[in-house]
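The block underneath contains the structure these notes are about, expressed in structure tokens.
Numbering (the numbering used here), first residue to last: 70 to 163.
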């Protein structure tokens with residue numbers, strides 16, 4: 070699956086089958102389901118999950134929490150808008 074295919078599923082009733090939990094969380098976020106996305110991602114290990122977790126907290130405007138998770142992900146806090154970061158994360162995980 071590429072970015073275009075993944076993006077085309079945003080209006081579907083659920084995330085695409087056979088994608089990672091990280092991508093499922095990003096799909097939920099794109100469908101205005103922040104809490105569900107956070108619940109799905111918050112206990113997952115690894116730097117990819119940490120990056121999604123950081124992004125979600127940045128959207129929430131919880132700066133201290135997002136800074137913590139960006140550090141765990143080995144990423145700098147981005148200066149782009151949320152849509153650009155969402156796309157960057159999705160593309161890196163596909």
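Here a beta-carbon is modelled for each residue, glycine too, at the ideal position from N, C-alpha and C.
Model, not experiment: these values are computed from the prediction.
Query	Result
Where residue 121 sits in the DSSP three-state scheme	helix
Contact with chain D by residue 112, beta-carbon distance below 8 Å	The chain labelled as chain D is not found in the depicted structure, where only one protein chain is given.
Straight-line Cα distance separating residue 83 from residue 102	11 Å
Beta-carbon contacts of residue 79 that lie in its chain and below 6 Å, excluding the five residues immediately before and after	99
Cα-Cα separation, residue 130 to residue 124	10 Å
Boundaries (first-last residue) of the alpha helix (DSSP H) holding residue 77	From DSSP, residue 77 is part of no alpha helix (DSSP H); its letter is neither H nor E.
Beta-carbon proximity of residue 159 to residue 92, cut-off 8 Å	yes
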